[in-house]
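2 protein chains.
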Amino acid sequence: MYENLLLYKYVNLNVLKEGDYMAVTLNDIARKAGVSLATVSLALNNSDKVNKDTKLKIKRIADKLNYVPNARARALVKKSTKTIGLVIPEVVNPFFAELAQSIKDYVRSQDFNVILCSTDYQSEEELRYINMFRSGQVDGAIFACVGDMMAQHNELIIKLVEENIPVVYVDRDGVDHDLIPVVKSDVYHAAYQAADYLISLGHKELAFAGQSVERLNGFKSALMKHGLDLKDKNVYYDYLKMEGGYTVGEKIAARKNKPEAVVCLNDEIAIGVIQALIAEKVKVPEEISVIGIDNIKMANFYNPSLTTVNIPVSQMGKKAAEILLKRISGQTLSPKEKFFIFPTELVIRDSSWKA
Amino acid sequence: MYENLLLYKYVNLNVLKEGDYMAVTLNDIARKAGVSLATVSLALNNSDKVNKDTKLKIKRIADKLNYVPNARARALVKKSTKTIGLVIPEVVNPFFAELAQSIKDYVRSQDFNVILCSTDYQSEEELRYINMFRSGQVDGAIFACVGDMMAQHNELIIKLVEENIPVVYVDRDGVDHDLIPVVKSDVYHAAYQAADYLISLGHKELAFAGQSVERLNGFKSALMKHGLDLKDKNVYYDYLKMEGGYTVGEKIAARKNKPEAVVCLNDEIAIGVIQALIAEKVKVPEEISVIGIDNIKMANFYNPSLTTVNIPVSQMGKKAAEILLKRISGQTLSPKEKFFIFPTELVIRDSSWKA
DNA sequence: CTGAAAGCGCTAACAT
DNA sequence: ATGTTAGCGCTTTCAG
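Those protein sequences? They're chains L and Y, same order as listed.
For the first sequence, my numbering puts the final residue at 1380, and the numbers step up evenly by one.
For the second sequence, my numbering puts the final residue at 1380, and the numbers step up evenly by one.
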């Protein structure tokens, strides 16, 4: 809007004493231009209610003074900050990093900013953020925090929405999709695909590593379909990060009767598992096949390269951002947008092999 | 400050028609409590100028109404948003992700938020952010964008500082450390250490991959010290990520006379190089040693685990955040804080080996 | 087309 | 101890 204000000049009208900088305001410009403050505001906002010549004159002066509108003041009256909150467990996690990046990219193209809200899997942190959102610091928010412990906040988040702070969930299920749209990938199916593929390779005894009901269920359903049963000792229902995967790998390596293949909650865990297995001289994939979910960039650069199930994070992020901004601008959502689900895709690489 | 306001109740005083939610304001509370707006403000800010009983009464009412102060209004009058901007090239980069995380963690502990400003290495994006900062959306900013093309903004950033938006640089050098404090790691020395170590292993022909004057110079100085000379064909001076590293690896693999070892700008590039080498049947480290810089988490989980030079990113992030918040709160910096340099440390793992 | 004026919701003197 | 008042810098009717 103020493209031509971005000049590199710098004039300071109202500096009183050195070191006490005061930003130039509409008033400064008004005085200098000999018009009223209101006219300046209109002119700079390109209203056609103001004479072309005065507009030009005003803009020129604004340029010269290197005027930048005060975002705080504008936010107060417009009741909008042009920023959204993004709640994720952590940035140090390729999946969420990519999600964050795609969301930021999209909203930025629409002149919005994003406040980074990582919770480190702490539910109290999520609570703090919810309250911050209520204070009007953001125009809307995306919640992408997994974990069952977060579910307790769903009611609070609904209140947020009722207070006119739109929310969209990513890979988290809410209750009422009219109130809170959901963008997700079919992780149930992803886990199913992973297990199904492993079984098709000839593996009979499969393990699962990670904490996610939905994925575990998908995993189970594949076993069931093939008439295989799941032993308790084969599910390592715990852990979310790479180190945790390493622990699982160590445990598996220490077993006499090892599973033939393991499906991991995500690629990071898979890498952890593989790393431990290799360290313990268990060959991957010759002795044990390992498969991840997510298809992070590193999966393709790992050694052995990781067989995994692709989840289109960037697309999901963009879609979620689109939906959120639509909501913020008051547009209505199509039924599909209220529950948008992305398909997943098996990516075969080198960490899985015929038994 | 309003701990006890976080109740889950929800009362709406001034809803006029359904769906038209209006937040409760100080005025609502004042009316309800039969006191003035000012008293309410003081009470909720825990001023001791207000009677204990009225304070309690006011707080109780605020609770009941589920009051949350309006951050936008407060920002306008306090001339502070309690948020800072963090400019990095991209979140999808383990180094910057960790930096972002540590900065966020620290400022959050001081009740600040961070706006994620990634530039994707685009200098125009940095410009947009600078201008956004000028609008008062943030109380300060951290710039951690590398790249020589960004240097052109240094003047603009200095103006920002002169307009009372404190800035600190991370791994980027400015001009005037009084104006813009710098927190950095000794990457010159890091590259030196890497090369020096490789030479100590017996390698004589070393290559360098990546685009960074400082690191290349450190690399060169190690060669010089040992009386080795650097052939042009051994420096792959280019802007690179993991894929770029892969390309370099392919080029190296295709050479008749291969270098014996390669120092990479960072771990991601190193991983790319190794991956290509392995794909081309060149053994790492048996035939070529590869060493990275940064010591990202993945370095330890890679295969072969990556020899690298540790850079204490998290500490750097925290320190930068500390310094920035000090500046924001008007505290003066010690000379050391104006140019804070972190030492680096060689981390020997499996990607390097005696020739 | 331009100006005057009323806020947005809060803080912070200054009175009382 | 509490109330009154004047802004913060901007947008937006409503008059002229």
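C-beta: ideal position from N, C-alpha, C; glycine also.
Predicted, not measured: the structure shown is a model, and the values here were computed from it.
Within the stretch 1193-1262 of chain L, the runs of beta strand (DSSP E) at least 3 residues long that lie entirely inside it are, in chain order, 1207-1210 and 1231-1234.
Contact of methionine 1249 of chain L with chain Y is not assigned, every C-beta pair being separated by 7 Å or more. Residues of chain Y whose Cβ lies closer than 8 Å to the Cβ of lysine 1129 of chain L are, in chain order, Val1116, Leu1141 and Ser1143. Inter-residue distance for proline 1191 of chain L and threonine 1369 of chain Y is about 45 Å (C-alpha atoms, whole angstroms). By the rule that beta-carbons nearer than 7 Å mark a contact, phenylalanine 1244 of chain Y does not touch chain L.
Only residues of its own chain outside the window of five on either side were considered, and among them Phe1367 have a CB closer than 6 Å to the CB of proline 1337 of chain L, listed in chain order.
Put simply, of L:Asp1088, L:Asn1071, L:Ser1072 and L:Asp1073 the residue whose alpha carbon is nearest the alpha carbon of threonine 1050 of chain L is L:Asp1088. A contact is defined here as three or more CB-CB pairs under 8 Å, and the stretch 1272-1286 of chain L meets this definition with respect to the stretch 1307-1327 of chain L. For the C-beta of isoleucine 1113 of chain Y, not a single chain L residue is nearer than 8 Å; the gap to the nearest is close to 10 Å. Rounded to whole angstroms, the gap between the alpha carbons of valine 1116 of chain L and alanine 1125 of chain L is 8 Å. The residues Ala1220, Leu1223, Ile1224, Phe1244, Leu1248, Leu1253, Leu1255, Asn1259, Pro1284, Glu1285, Ala1286, Val1287 and Val1288, in chain order, have a CB closer than 8 Å to that of leucine 1231 of chain Y in the same chain once the five nearest residues on each side in sequence are set aside. Listed along chain L, the residues sitting closer than 7 Å to arginine 1159 of chain Y by beta-carbon distance are Val1093. In the structure shown, isoleucine 1086 of chain L falls within a helical segment according to DSSP collapsed to helix, strand and coil.
Residues of the stretch 1322-1338 of chain Y with a Cβ closer than 9 Å to any Cβ of chain L, in chain order: Lys1322, Met1323, Asn1325, Phe1326, Tyr1327, Asn1328, Pro1329 and Ser1330.
For isoleucine 1313 of chain L, there is no enclosing alpha helix (DSSP H), as DSSP gives it neither H nor E. Annotated as proximal: histidine 1202 of chain L and phenylalanine 1364 of chain L, with beta-carbon spacing under 7 Å. Here aspartate 1078 of chain L is exposed, its C-beta having fewer than 16 other C-beta atoms within 10 Å.
The bridge partners DSSP lists for isoleucine 1167 of chain L are L:Leu1111 and L:Val1193. Listed along the chain, the chain L residues whose CB falls inside 7 Å of the CB of leucine 1101 of chain Y are Arg1097, Ala1098 and Leu1101. As the crow flies, the alpha-carbon of asparagine 1095 of chain Y is around 32 Å from that of lysine 1084 of chain L. Of all residues in the stretch 1287-1317 of chain L, those with a C-beta nearer than 7 Å to a C-beta of chain Y are Ile1296, Gly1297, Gln1300 and Ile1303, reading in chain order.
Between glutamate 1188 of chain Y and chain L, the shortest Cβ-Cβ separation is below 7 Å. Under the three-state reduction of DSSP output, valine 1139 of chain Y falls in the strand class. Separation of the CB atoms of glycine 1342 of chain Y and isoleucine 1128 of chain Y is rounded to 4 Å, and the pair is thereby assigned contact status at 8 Å. Between the stretch 1096-1116 of chain Y and the stretch 1159-1166 of chain L, the count of Cβ pairs shorter than 8 Å is three or higher; the stretches touch. Taking all protein chains shown into account, asparagine 1328 of chain Y has 16 or more neighbouring C-beta atoms within 10 Å of its C-beta and is therefore buried. At a cut-off of 7 Å between C-beta atoms, tyrosine 1046 of chain L counts as an interface residue with respect to chain Y. Residues of chain Y whose Cβ lies closer than 7 Å to the Cβ of glutamine 1126 of chain L are, in chain order, Glu1115, Val1116, Val1117 and Ser1143. DSSP places glutamate 1285 of chain L in the coil class of the three-state scheme, outside both helix and strand. For glutamate 1187 of chain Y, the uninterrupted alpha helix (DSSP H) run begins and ends at 1179-1187, by DSSP. Isoleucine 1366 of chain L sits in a strand when the DSSP states are folded into three classes. Shown in chain order are the members of the stretch 1270-1286 of chain Y whose Cβ falls below 8 Å from a Cβ of chain L: Tyr1271.
Here tyrosine 1262 of chain L is near glutamine 1236 of chain L, since their CB atoms are less than 7 Å apart. Short of 7 Å from the beta carbon of threonine 1108 of chain L, and not among the five residues preceding or following it, lie these beta carbons of its own chain, in chain order: Phe1137, Asn1138, Val1139, Ile1140, Val1163 and Asp1164. Against chain Y, a Cβ distance below 7 Å from threonine 1106 of chain L picks out Arg1097.
For threonine 1333 of chain L, the enclosing beta strand (DSSP E) stretches over residues 1333-1335.
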